[in-house]
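Engineer:
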Amino acid sequence: MTELSQFSHSIDIAAPPRVVFTFLTTEEGMTAWMGQFAELDPRQGGRFAVDISGYPVRGQYLHVEPFSRVVVSWGFAGSDDLPPGASTVEFRLIEIEGGTRVEITHSDLPDSEVPGHAEGWEHFIPRLHEAAEGGRPGPDSWLPRSAPEPAPAPAPASPTPRSIMTESMANPTTVIQRYHRAWTSGDIDSAMDLVADDITCRAPGIDLTGKDQYREFIGGFAPALTGLVDIASFAEGERVALFYYPQTAVTSTTPAAECFTVENGLITDSVLIFDRLSFAPPEAS
1 MTELSQFSHS IDIAAPPRVV FTFLTTEEGM TAWMGQFAEL DPRQGGRFAV
51 DISGYPVRGQ YLHVEPFSRV VVSWGFAGSD DLPPGASTVE FRLIEIEGGT
101 RVEITHSDLP DSEVPGHAEG WEHFIPRLHE AAEGGRPGPD SWLPRSAPEP
151 APAPAPASPT PRSIMTESMA NPTTVIQRYH RAWTSGDIDS AMDLVADDIT
201 CRAPGIDLTG KDQYREFIGG FAPALTGLVD IASFAEGERV ALFYYPQTAV
251 TSTTPAAECF TVENGLITDS VLIFDRLSFA PPEAS
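Heads up: the sequence shown begins at 1 in UniProt numbering, then just goes up one per residue.
(1) Would LEU62 and VAL50 be called neighbours here (beta carbons separated by less than 8 Å)?
(2) On the three-state DSSP scale, how would you describe ASP189?
(3) Counting pairs of beta carbons, one from the segment 21-37 and one from the segment 121-137, are three or more of them closer than 8 Å?
(4) Would you kindly report the start and end of the unbroken alpha helix (DSSP H) that includes ASP41?
(5) With a CB to CB cut of under 6 Å and the five nearest residues on each side skipped, what residues in its chain are close to THR261?
(6) Roughly how many angstroms separate the alpha carbons of GLY98 and ASP212, rounded to a whole number?
(7) Of all Cβ atoms in chain B, is any one closer than 8 Å to the Cβ of TYR244?
(8) If the criterion is Cβ atoms closer than 8 Å, does the pair ASP198 and ALA77 meet it?
(9) With 16 other CB atoms within 10 Å as the buried threshold, where does PRO159 fall?
(10) Based on Cα-Cα distance, which residue from LEU109, GLN44, VAL20 lies nearest to GLY135?
(11) For the segment 17-78, which segments carrying the beta strand (DSSP E) assignment without a break, of at least 3 residues, lie completely within its bounds, in sequence order?
(12) Alpha carbon to alpha carbon, how far is THR100 from PHE67? Give it in angstroms, no decimals.
(13) Rounded to whole angstroms, what is the Cα-Cα separation between THR209 and PHE217?
(14) Distance, Cα to Cα, ALA196 vs ARG92?
(15) Could you tell me if PRO139 is buried or exposed, where buried requires 16 or more neighbouring beta carbons within 10 angstroms of its beta carbon?
(16) Rounded to whole angstroms, what's the CA-CA distance from GLY45 to PHE243? Just pull it up for me.
(17) Starting from the Cα of ALA203, find the closest Cα among HIS9, LEU272, PHE37 and give me that residue.
(18) If you follow the alpha helix (DSSP H) that GLY116 is in, where does it begin and where does it stop?
(19) Cutting at 8 Å between CB atoms, please list the residues of its own chain near VAL114, excluding the five before and the five after it.
(20) Check this for me: beta carbons of TRP74 and VAL89, under 8 Å apart or not?
(21) By a C-beta neighbour count over all protein chains shown, 10 Å radius and 16 as the cutoff for buried, is ILE52 buried or exposed?
(22) With a threshold of 16 other CB atoms inside 10 Å of the CB of HIS180, please say whether the residue is buried or exposed.
(23) From the DSSP output, read off the bridge partner residues of ARG92.
(24) Taking the alpha helix (DSSP H) that ARG202 belongs to, which residues open and close that run?
(25) Which residue comes first and which comes last in the alpha helix (DSSP H) that contains ASP80?
(26) Mapping the DSSP letters down to three states, classify PRO110 as helix, strand or coil.
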């Protein structure tokens, strides 16, 4: 049985709890110090979603007490080690002279996840401090990095931090496997979590740009799909090519081929070749 641990830290911020609270419950406030995109619904059971350099943090607001306490569940879409909502992050806002003491506790973490998350929070907590005091931390440049290999040359003056996310989650082949599992099971929301906002897609009669158009395109096929039968695949760098038979409830269709580009854990481009007559949903007469 996996043992669970926690990380705790506190910081004093020269701003009232009312101000600090907005950096935990508003999309603009959250992305000022963590990630590049957030979708937040700060009420019990509401959605908590933050994308950090393509790594989708997913959970829910478990407790929201204005200006004093925020609790969210925390995990990563597509992760087996820490799936969405698997751990808990609690922010306690305590009014002190001249500002707010923020106590952060990240609990229910597998032991193997504690070191990486501790270093991750050591990156994000100073950014919260700066943003809440009215500063501008700048774009969040946090990225997963592998530990540097030994070399005869002197090491850089500043050590390279480890990410709170695992490197394998951004592997292009893994991303595409997760995407196809979600798509063929009809879970379009999870599939779209792995798609960049500015994705481009080309297919017979299709030339589209943007996440909304792409969602409409792939969503039209999902109800008819029951799975995929792989023929072959290969990957080179950021590109992954697949050859497969899309399966429907009646039969498999003619083979399809698809080439994806994956950058920072998100699909940025798709080129799809398929027999539109046998695969496309019937058009209304």
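We put the beta carbon where it would ideally sit given N, CA and C, even for glycine.
Structural biologist: With the given structure in hand:
(1) With a cutoff of 8 Å on beta-carbon distance, LEU62 and VAL50 are scored as not near each other.
(2) Residue state, collapsed to three classes: helix.
(3) Contact check between the segment 21-37 and the segment 121-137: three or more CB pairs, one atom from each, fall below 8 Å, which counts as touching.
(4) Looking at the DSSP string, ASP41 is not in any alpha helix (DSSP H), and its letter there is neither H nor E.
(5) Excluding five sequence positions before and after THR261, the CB atoms of its chain that fall closer than 6 Å to its own CB belong to GLU238, ARG239, THR268, ASP269, given in chain order.
(6) Spanning the two alpha carbons is a distance of roughly 45 Å.
(7) Looking for chain B here will not work: only one protein chain is present.
(8) The answer is no: Cβ separation not under 8 Å.
(9) Low per-residue confidence applies at PRO159: pLDDT is 40, beneath 50, and the placement is therefore not dependable, though the value from the model is reported in the following sentence. The residue in question, PRO159, is exposed, as its Cβ has fewer than 16 Cβ neighbours within 10 Å.
(10) Nearest Cα to GLY135 within the set LEU109, GLN44, VAL20: VAL20.
(11) Taken in chain order, the whole beta strand (DSSP E) runs of length 3 or more contained in the segment 17-78 are 37-40, 47-52, 55-65, 69-74.
(12) Cα-Cα distance, rounded: 10 Å.
(13) The alpha-carbon atoms of THR209 and PHE217 are separated by roughly 11 Å.
(14) Approximately 33 Å between the Cα atoms of the pair.
(15) PRO139 is exposed by the Cβ-count criterion.
(16) A direct Cα-Cα distance of roughly 40 Å separates GLY45 from PHE243.
(17) Put simply, of HIS9, LEU272, PHE37 the residue whose alpha carbon is nearest the alpha carbon of ALA203 is LEU272.
(18) Here the alpha helix (DSSP H) through GLY116 covers 114-132.
(19) Excluding positions up to five away in sequence, the list reads SER5, GLN6, PHE7.
(20) Yes, these two residues count as a Cβ contact at 8 Å.
(21) Classification for ILE52: buried.
(22) A residue is called buried once 16 or more other Cβ atoms fall within 10 Å of its Cβ, and HIS180 is buried on that count.
(23) In the DSSP assignment, ARG92 is bridged to ARG69, GLU103.
(24) In this chain, ARG202 is not harboured by any alpha helix (DSSP H); it is covered by the beta strand (DSSP E) spanning 195-203.
(25) Per DSSP, ASP80 is not a residue of any alpha helix (DSSP H), being assigned neither H nor E.
(26) In the three-state scheme derived from DSSP, where H, G and I count as helix and E and B as strand, PRO110 is classed as strand.
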